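Asker:
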Amino acid sequence: SYSSSSSSSSSAAASSEVELILVKEQNGVQYTNSSVVASPSSRGCTPGSGEDVARETWGKKMDFLLSVIGFAVDLANVWRFPYLCYKNGGGAFLIPYVLFLFIAGMPLFYMELALGQYNREGAATVWKICPVFKGVGYTVIIIALYVGFYYNVIIAWSLYYLFVSLTSELPWLKCNNPWNSPNCTEPQHINGTVLGNRTSYAKYKNTPAAEFYERGVLHIHESRGIGDLGLPRWELALCLIVVVFILYFSLWKGVKSSGKALDKITFFISTMPYIVLLVLLIRGITLPGAMNGIRAYLHIDLKKLNNPQVWIDAATQIFYSLGAGFGVLIAFASYNKFENNCYRDAILTSTINCVTSFFSGFAIFSVLGYMAHQHQVNVKDVATEGAGLVFIIYPEAISTLPGSTFFAIVFFIMLLTLGIDSSMGGMEAVITGLSDDFKILKRNRKLFTFIVAFGTFLIALLCITNGGIYVLTLLDKYAAGTSILFGVLIESIGVAWFYGVDRFSEDIERMTGFKPGIYWRLCWKFVSPTFLLFVVIASIVTSGELRYDDYVFPPWSNMVGWFIALSSMLCVPIYAIYKFLILPGTFKEVMYCITPEHEHHMVTEGNVRQFKVRQCIRYKYNYILLIFI
Numbered sequence: 259s260y261s262s263s264s265s266s267s268s269s270a271a272a273s274s275e276v277e278l279i280l281v282k283e284q285n286g287v288q289y290t291n292s293s294v295v296a297s298p299s300s301r302g303c304t305p306g307s308g309e310d311v312a313r314e315t316w317g318k319k320m321d322f323l324l325s326v327i328g329f330a331v332d333l334a335n336v337w338r339f340p341y342l343c344y345k346n347g348g349g350a351f352l353i354p355y356v357l358f359l360f361i362a363g364m365p366l367f368y369m370e371l372a373l374g375q376y377n378r379e380g381a382a383t384v385w386k387i388c389p390v391f392k393g394v395g396y397t398v399i400i401i402a403l404y405v406g407f408y409y410n411v412i413i414a415w416s417l418y419y420l421f422v423s424l425t426s427e428l429p430w431l432k433c434n435n436p437w438n439s440p441n442c443t444e445p446q447h448i449n450g451t452v453l454g455n456r457t458s459y460a461k462y463k464n465t466p467a468a469e470f471y472e473r474g475v476l477h478i479h480e481s482r483g484i485g486d487l488g489l490p491r492w493e494l495a496l497c498l499i500v501v502v503f504i505l506y507f508s509l510w511k512g513v514k515s516s517g518k519a520l521d522k523i524t525f526f527i528s529t530m531p532y533i534v535l536l537v538l539l540i541r542g543i544t545l546p547g548a549m550n551g552i553r554a555y556l557h558i559d560l561k562k563l564n565n566p567q568v569w570i571d572a573a574t575q576i577f578y579s580l581g582a583g584f585g586v587l588i589a590f591a592s593y594n595k596f597e598n599n600c601y602r603d604a605i606l607t608s609t610i611n612c613v614t615s616f617f618s619g620f621a622i623f624s625v626l627g628y629m630a631h632q633h634q635v636n637v638k639d640v641a642t643e644g645a646g647l648v649f650i651i652y653p654e655a656i657s658t659l660p661g662s663t664f665f666a667i668v669f670f671i672m673l674l675t676l677g678i679d680s681s682m683g684g685m686e687a688v689i690t691g692l693s694d695d696f697k698i699l700k701r702n703r704k705l706f707t708f709i710v711a712f713g714t715f716l717i718a719l720l721c722i723t724n725g726g727i728y729v730l731t732l733l734d735k736y737a738a739g740t741s742i743l744f745g746v747l748i749e750s751i752g753v754a755w756f757y758g759v760d761r762f763s764e765d766i767e768r769m770t771g772f773k774p775g776i777y778w779r780l781c782w783k784f785v786s787p788t789f790l791l792f793v794v795i796a797s798i799v800t801s802g803e804l805r806y807d808d809y810v811f812p813p814w815s816n817m818v819g820w821f822i823a824l825s826s827m828l829c830v831p832i833y834a835i836y837k838f839l840i841l842p843g844t845f846k847e848v849m850y851c852i853t854p855e856h857e858h859h860m861v862t863e864g865n866v867r868q869f870k871v872r873q874c875i876r877y878k879y880n881y882i883l884l885i886f887i
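Here this note's numbering = 1-based position in the sequence shown + 258.
(1) Please report the distance separating the alpha-carbon of residue 683 from that of residue 590.
(2) State the Cα-Cα distance for the pair residue 516 and residue 588, rounded to the nearest angstrom.
(3) Beta-carbon within less than 8 angstroms of residue 668's beta-carbon, same chain only, minus the 5 sequence neighbours each way: which residues are those?
(4) Could you say if the segment 329 to 339 and the segment 599 to 619 meet the contact criterion of at least three C-beta pairs nearer than 8 angstroms?
(5) Do three or more CB pairs link the segment 547 to 562 to the segment 692 to 708 at distances below 8 angstroms?
(6) By the three-class DSSP mapping on this structure, what secondary structure does residue 695 have?
(7) For residue 648, tell me which candidate among 322, 339, 316 has the shortest Cα-Cα distance.
(8) Is residue 439 near the ligand ATP, judged by its Cβ being under 7 angstroms from some heavy atom?
(9) Grouping DSSP H, G and I as helix and E and B as strand, with all else coil, what is residue 462?
(10) Since I believe residue 675 is in contact with residue 527 (beta carbons under 8 angstroms), could you give me their beta-carbon distance rounded to a whole number of angstroms?
(11) State yes or no: is the C-beta of residue 367 within less than 8 angstroms of the C-beta of residue 657?
(12) Return yes when the Cβ of residue 596 is within less than 8 angstroms of the Cβ of residue 369, no when it is not.
(13) Is the beta carbon of residue 409 less than 8 angstroms from the beta carbon of residue 493?
(14) Starting from residue 827, trace the alpha helix (DSSP H) in both directions and tell me its first and last residue.
(15) Nearest by alpha-carbon distance to residue 737: which of 348, 401, 382, 351 is it?
(16) Using 8 angstroms as the cut-off, can you tell me whether the segment 378 to 386 makes contact with the segment 464 to 476, which would need three or more C-beta pairs spanning the two stretches below that distance?
(17) By the DSSP assignment, the alpha helix (DSSP H) with residue 422 in it spans what residues?
(18) Cβ of residue 411 within 8 angstroms of Cβ of residue 730?
(19) Return the chain-ordered list of same chain residues with a C-beta closer than 8 angstroms to the C-beta of residue 633, the five sequence neighbours on each side being excluded.
(20) List the endpoints of the continuous alpha helix (DSSP H) containing residue 788.
(21) What's the C-alpha gap between residue 551 and residue 540?
(22) Suppose you measure from the CA of residue 271 to the CA of residue 767; what does that come to, to the nearest Å?
(23) If we count the other Cβ atoms within 10 Å of its Cβ and call it buried at 16 or more, is residue 306 buried or exposed?
(24) Residues in its own chain within less than 7 angstroms of residue 655 by CB, not counting five upstream and five downstream?
(25) Where does residue 448 sit, in a helix, a strand or coil, going by DSSP?
(26) Of all the options 594, 671, 817, which has the alpha carbon lying nearest to the alpha carbon of residue 371?
(27) How is the alpha helix (DSSP H) around residue 321 delimited, first residue to last?
(28) Apart from the five residues just before and just after residue 351, which ones in its own chain have a Cβ nearer than 6 angstroms to its Cβ?
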């Protein structure tokens, strides 16, 4: 409420409030107490304050920061960035990488944190700021759900490796195991003759470590392709159950209600990767050949910058690394206190994420240099990325060290914590996004969390069959490829061009006490959408045929993949069409679709902020021209 200097003005204020309540009832718009009062000061309250008085908040600021960092710092920081940096010119790759960080990565990161914190809603209901874009929220929620189907399987692999590492001799050290093929060759017997002229050591499939991964864990040799999956492997199924239970009991009560137990879990899984990386780096730099690996990692080849693929790799890496677009940052920020400094959080967490990627390269390439020294080959012959790096090459290097069991245990604990933290973020985005939209789910959060966790487990069983790696590869390419880029592109357009950069900046000023500078506003309005459009086009143009090593997927699997991708992307146009169809056809009423819900009374009065310049004397508030310029 607000005070008045006279009874007449007080009466006008009261009637104004009643008028807004009636508008709410007539148009079916859900308002909160703070947005009902027609006063500039009311905009200073969080839009969800009426309904969200009881909305839980983070117990401590550190819980939020660790959760965001834990989500953003994932397996890709270890198994993708170091190799991309090495392949694309070493230190030269940092030029486009840092450039895209500042002009697109940080602005998008900042935008999502501010969006979630101000509106205090999940990825779907946050679009009360521009209702026609609510389909974007469903898009990112579906994508987060899809990612959980296969990402949890990678965590289960890490857990399985951790279990089998609890022995005096690591099982991938020698060839005399039931899963090994007759062609298995121990590393000390591998030379140029065995490898052949065109086969690098990293691509050789008959080392004990490679055969343990593909034959002992995946059992890929028992499948002829994606059309021949077989039954789930019981060992991996047990590991997957453990992963799902960890996720469920970490999230079932929410971010605050779980109390000290959640605090300890968050602290452990967020800080453990850094401790392990430091241990592995210290051990790595003491190995023979380590400096050769680090020099290869940091070598500067500026000529690489002439290759457009280098810039595409830098753009896609910075986007996926920071994790914008999955609804996680919006969900996490929605539990912040309204006055929290989200600007500082965005700068701090995005910087830590990128520094972690760079730092992990030293731990990785010191060991790759050692591998190259051991086999008398170049670093390029052992350098690789993805699962081949963390489940074949690195474990093989560890197995040759004194105290190999210890280093294997700490390495797979690192992978486990990196994966769990990111998976928790993705599942929380789904839970928060849907429970904020459907209140019955919020009232039954424990049951809903169980349904989500158990549902991801059931689908994930397809990925732990003999041919499960083919399902995982298909999901990895299509579930969160072009679709997530498309989702964030539409999100940035919705915020910057329909809701309006000026209005968004005012929201941030109400929270932090200062308005974002011209740099951030230009990035949000022009640079970030252009960047995302570039990355979307690049992802489509560079999308080749789907394959896993030498196996080429059949054409029907690509059709299934695009169906998966479109199933999330189509939420945007389908919801927009639905929203327009359910409204009567007058121009004024259609404007409800693109006007924030707390300003729907302006549509009723004929004052649509996006289309008119109008001085509202009663509220002493200027409405700025934002005609989609």
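Just so it is clear, CB atoms sit at the ideal spot from N, CA and C, and this is done for glycine as well.
Note that the coordinates shown come from a computational prediction; the quantities given were computed from them, not determined experimentally.
Answerer: According to the structure data:
(1) 8 angstroms
(2) Residue placement at residue 516 is flagged as unreliable, the pLDDT there being 47, under the threshold of 50; the coordinate-derived value follows with that caveat. Cα-Cα distance, rounded: 20 angstroms.
(3) 534, 537, 538
(4) yes
(5) No, the segment 547 to 562 does not touch the segment 692 to 708.
(6) helix
(7) 339
(8) Ligands displayed in this structure: none; no statement on the ligand ATP is therefore possible.
(9) In the structure shown, residue 462 sits in coil (DSSP, three-state: anything other than H, G, I, E or B).
(10) 4 angstroms
(11) no
(12) no
(13) no
(14) 813 to 827
(15) Minimum Cα distance to residue 737 is reached at 401.
(16) They do not touch, by the three-pair rule.
(17) 392 to 422
(18) Their beta carbons are under 8 angstroms apart, which means residue 411 touches residue 730 by this criterion.
(19) 445, 448, 459, 639, 640
(20) Unbroken alpha helix (DSSP H) run through residue 788: 786 to 799.
(21) 14 angstroms
(22) Note that residue 271 has pLDDT 35, beneath the 50 cutoff, so the model's placement of it is unreliable and no number is given.
(23) Residue confidence for residue 306 is low, a pLDDT of 45 falling below 50, so the modelled location carries little weight; the figure read from the coordinates is stated next. Result: buried.
(24) Answer for residue 655: 625, 628, 629, listed in chain order.
(25) coil
(26) Comparing Cα-Cα distances from residue 371 to each of 594, 671, 817, the minimum goes to 594.
(27) 319 to 330
(28) 343
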